[in-house]
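One structure is given below, encoded as structure tokens.
Protein chains in written order, with our numbering: chain E, 1 to 746; chain V, 1001 to 1780.
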């Protein structure tokens, strides 16, 4: 990790006196950040009753435990647990004493309190699992709160991909901020037994966690007896001390405790430190994590499953889409109901190959969630959040950068990066419209800035080129439509240091149209947030064609329909999903009768053509493109012309295969293997790849290509450099290799 | 109406005998209240109030406000609302300023306690800006649909939330500081008077505007003008039309005053879609047409299920983009959602999972819309193992959830569409290797998959051919490699009838899910012998045609035995059809579904038959009645001519009535018109021309109706050659005919067939005739 140690404050609405998932999360999170090189302060919520989970943290030199009650962090603090307001107040005071770079919080109500207090906005890393996890359960008030939280967060940490998908789909502000924060399995501090090839005799089952009805713990205590009836001698080792009080079943607690104490074959070890709990598990043969199906709706992953796997135990658990994605659909110890449990345990006992396969699978999965892997992930998040200072950051004054534009939608991530860079100070001149601005405000920015950046080569570039100061640097980005307007001719190129084009094709067109010197024009492609887009595909995505943005008509959705119809002649499983605003949502498009005619044709055809009926769906427009691309196996680009066309690049970053019509310049941006002359060859290419089973491989190749050419880090690095120096001018002729080279060498 | 707290309490105490004050703040409500002497007053701790301990005659009094010290803790007051039982009233004074009210907590607290605000009253005291007055209410029982208590509770609480929130928000909006123009005099009494007068004036103006713009008022004006001026009577219709139009076309853009384009002109169309473009999402879909004589279903369905149901119901498919439009157009009897439609390769892919939350929103929209229409919703859990995680919450919003796997109390299956799967044109010499149409379920438990592979592997040794479901996600590649040699391409399951009819032995899909059982039943209906892993449904339906085995070791011998037994012959197949018709066909499944929903629709009505004894002269009524009463598929009614009733044998007709067979009479008419008249008096879709031939067995009518449902013919009767096939001639007597054809047909227009009238002229006109073997005492 570059630069100084980052200061991190961790607080969760959790009680570290009780060993449950949330407490273990807090412990492992602190340890992970500490080992990632951070100075971590952990604020406790409760008075200390047991040090089981604290002791390992206290041994780490970079960890400070803030004890609100023992150290009276608030005057007159009474009781034994902090209220939301008290915690927020203490955090603010700690932050005022010495500013934290990261404030990592868990718990919806607590996070909302902190956000409402407004003290740490922009530095929050928020981890929420106690939120409604279905559209049915999500009420408006919670949704509004999540929006506020998202807006105030640098990162929203999501325990699973499913939770991230759900969050982004319901809280638009979470898009671009949500990252995966896997559970962490601690490194065993004892010698782990070698992998077993078969279950022992007697068979040792282990359960570690809370004892509650939906966790099937009462049913587990009957397993030794039930297995005995099938001739298998078995023991159940139960670890934990949290027995649930069930309001609907007041006797449950007594029955559960009685079963733990006196059921035959059951040994209750009580509450244990985490390492000890794992050590006890390592002595067993099979871990139990089967639960009531009501819990299958959770979007969270049980850490227990991973802990069992980390010591080589096969695990009995429910068959859910998440577990299938982790362990494979053919994992042998999935259960659907209570009757399955005995069956799969007997299978594991009687068939060593079943046991060995399950154990190996479980261990392999757990290995991805170890502490070293978690530390690497945290370091990557920190590097992104706190990018390395550029070379020019050593100046005596920060470099002052003004970004002027009427529309920053293609520049936001670059802007975020520039703002995060040490040694830079960034201001924006937001023009309300293409041609209107507050001239006084713009002049003030001219007087203030070292560097002027015009996003879009419109009247903003014309004005700034006329008003720039000597010694000031001015760069302007030209997309596409500006080339066919008078502005490039109105601006004096001598007063502009460099013009950035997003593709070699448009760089060439710009030079041809304007006659500018070649050195004045450089290519920095649009960026693709490859890390955000890299998500596992949903099962069956290979049958789904994706189309992003159907309007205006030059996007040629009719050609996409041709491709789909040809594919469906042989395979009715192909579908076309278009993520888009509908043309009538753009008044300037729908007011054009030619546009209406074109889209009317598209809809008529999709409803009347027997090959297309029921196969074309328009998905809602929104920023959740990365989550949407999980369902897409192929991204189509069928336009008449484009300057760059982000859609296939985003698809590539997601692992989808791009299928690009040869609009002018397409082969200068994308590998010609993806570019095709017409709908028929596009469809043939898809069918051929599918028929030969190469879809996944081609998707991986596409992903690697986009990472090496258009990854966000590459593009932001180029933008950082162009603030202080010229990049190589555009050189003709353009090929994809040279285009990639021009970015890579820039 | 504004009032001081004292006036408020005085005005609202009718019938109140006890006031229970649960306020917790420092503001003493009693100093502001002018309490009557005949109502008791007590201070109570909210925590001590037992649930439902306040009832009719009780008033809960509290103060809710933003100042914790002065107003107390709002959550205590709101929790006290749980102490109310239906009939109890509440009065919550609201501490100011109004903009600081904990609106969310108020709405949530009131609604969860089933409390409805009846009125929000602005007040002019220094600290209390208003009051919420209301009562605890009981939900109104839902009518007609069966829904689980949780869903009904949710809906009721949601309705309360909407109502309470609307009133509170309006109150807060109205409480925002008045403009300078509305500045009030400084004297409190004058201020109150001015506010009161302003409020009354606003109310009067609102009432006047509502009246003047109401349709009834405007229609009344038209009528009054007509009364005053007789010449205007002729213009009433013309005057009323614009009023009607203005109610329904509020969103229509202004029409052009210039020359009108023809209705069907291209440019007019493109102009029209400019203003109502959303309709384009359905504009080119015609939807099913026809009379509303069958169950109407709006569904989120796979092609396979939709195709099955369409044979017996009117099915409107809902896609993610046009669902609401389809609902509006279809006005269905029920909404059916199949989770098998949530699979990849389908428009609703990934619904129920976090990967497609937008689909879930659309489904919720469908459920809300159907509920608003008063139409029940059914969720059929099929297809996916494991189930999408979001289904758990989604399922609770449906009125009925059924599962595809039999054996559970909540199981349901759509049944066999006999129009697609039947033994018509069955080749008696058919043979060939055993066949299975299905898919590989990669998500089945390990033990099941192992058994599947062994079972199919043993069958492969006997030459098994597997046709893969063309829509199955896994396709060929999902099968174990050991079975690849048995794969013979894909097939649309709806088109599987021809394949089943070409083989003597079919294997039931061994994955044991609902699709496998359904397809096996279809194969049975097409005349196949079935070999299956243990499956009680198939064994019950197929009898001797089904060989059930318990493990893969038995598969080979069982298949060889089935092949050796040869193709089932037509009489045996048709006998088997009776059980499928009676218990496993689509109309039966739909009837079971509507019964569970409590709908007053009878999908089995289309199987209804009226018996028409014809010719009637010289008939033995006793034997006619006996024959009718022994029918396993009993006619719903009998139609006879007056003058031909039995007279002294009246008891024969009484026996029919007692057995639930309605007796209808028509006036005598000439012989040429008689049959049409008799048919015209029937109320069932079919009429059976009960000829004078003897020896009808108990399955006589059943066999004709099985053939009717399978063939979709208009006339079904005895074929001379004894085959089950379409024919060009049938005798009138002894046939079952569509009622509207017989009732509307020209009388006497029959040819002679072996000396008796026949339907040949009808066949020449395109009416479909279907012949079955003579249905004597031996049945088929």
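Beta carbons: idealized from backbone N, C-alpha and C, even for Gly. No experiment lies behind these values; they were computed from the predicted model shown.
- Contacts with chain E at 8 Å (Cβ-Cβ) include residue 1321 (chain V).
- Interface criterion met: the Cβ of residue 1393 (chain V) is under 8 Å from a Cβ in chain E.
- According to the DSSP assignment, residue 532 (chain E) belongs to the alpha helix (DSSP H) that extends over 530-533.
- Annotated as distal: residue 1376 (chain V) and residue 1678 (chain V), with beta-carbon spacing of 8 Å or more.
- Excluding sequence positions up to five before and after residue 175 (chain E), its CB lies within less than 7 Å of the CB of 168, 623, 624, all in the same chain and listed in chain order.
- Remark: C-beta atoms of residue 644 (chain E) and residue 503 (chain E) approach each other more closely than 8 Å.
- Residue 650 (chain E) sits in a helix when the DSSP states are folded into three classes.
- Neighbours of residue 603 (chain E) in chain V, taken as residues whose beta carbon is under 8 Å from its own, are 1280, 1281, 1283, 1284 in chain order.
- Residue 556 (chain E) sits buried, since 16 or more C-beta atoms from the chains shown fall within 10 Å of its C-beta.
- The beta carbon of residue 1467 (chain V) lies closer than 6 Å to those of 1437, 1488, 1491 in the same chain, with the five residues before and after it left out.
- At least one beta carbon of chain E lies nearer than 8 Å to the beta carbon of residue 1443 (chain V).
- Within the DSSP bridge table, the entry for residue 1091 (chain V) names V:1061, V:1133 as partners.
- Neighbourhood of residue 538 (chain E) in chain V, by CB distance below 9 Å: 1344, 1349, 1350, 1353, 1355, 1356, in chain order.
- For the stretch 294-324 of chain E, the set of positions with a beta-carbon nearer than 9 Å to some beta-carbon of chain V reads 294, 296, 297, 298, 299, 318, 319, 320, 321, 322, 323, 324 in chain order.
- With contacts defined as CB atoms closer than 8 Å, residue 404 (chain E) and residue 429 (chain E) qualify as a contacting pair.
- In this structure residue 318 (chain E) is buried. Its beta-carbon is surrounded by 16 or more other beta-carbon atoms within 10 angstroms.
- Nearest CB-CB separation between residue 1625 (chain V) and chain E: not below the 8 Å threshold.
- At a beta-carbon threshold of 8 Å, the residues of chain E lying near residue 1270 (chain V) are 593, 596, 597, 600, ordered along the chain.
- Residue 1485 (chain V) and residue 1459 (chain V) have their C-alpha atoms roughly 12 Å apart.
- Taking the Cα positions, residue 361 (chain E) is about 8 Å away from residue 314 (chain E).
- Per DSSP, the beta bridge partners of residue 1436 (chain V) are V:1466.
- By alpha-carbon distance to residue 251 (chain E), the top candidate from E:280, E:269, E:213 is E:213.
- Below 8 Å, too few C-beta pairs join the stretch 219-239 of chain E and the stretch 409-424 of chain E to call them touching: fewer than three.
- DSSP lists E:545, E:616 as the bridge partner or partners of residue 576 (chain E).
- Around the beta-carbon of residue 1568 (chain V), 16 or more other beta-carbon atoms lie within 10 Å, marking it buried.
- Residue 1054 (chain V) and residue 1088 (chain V) have their C-alpha atoms some 6 Å from each other.
- Within the same chain, and ignoring the five residues on either side of residue 1737 (chain V) in sequence, the residues whose Cβ sits closer than 6 Å to its Cβ are 1687, 1715.
- Any Cβ of chain V closer than 8 Å to the Cβ of residue 575 (chain E) would place that residue at the interface, and such an atom is present.
- Within the stretch 110-191 of chain E, the complete beta strand (DSSP E) segments at least 3 residues long are 124-127, 153-158, 178-180, listed from N- to C-terminus.
- Not a single C-beta of chain V is nearer than 8 Å to the C-beta of residue 649 (chain E).
- Between the C-alpha atoms of residue 172 (chain E) and residue 1324 (chain V) there is a straight-line separation of about 24 Å.
- Residue 594 (chain E): member of the alpha helix (DSSP H) spanning 593-608, first to last residue.
- A contact is defined here as three or more CB-CB pairs under 8 Å, and the stretch 151-163 of chain E meets this definition with respect to the stretch 293-301 of chain E.
- Interface criterion not met: the Cβ of residue 1078 (chain V) is under 8 Å from no Cβ in chain E.
- When DSSP reads this structure, residue 211 (chain E) sits in a beta bridge with E:243.
- Interface criterion met: the Cβ of residue 584 (chain E) is under 8 Å from a Cβ in chain V.
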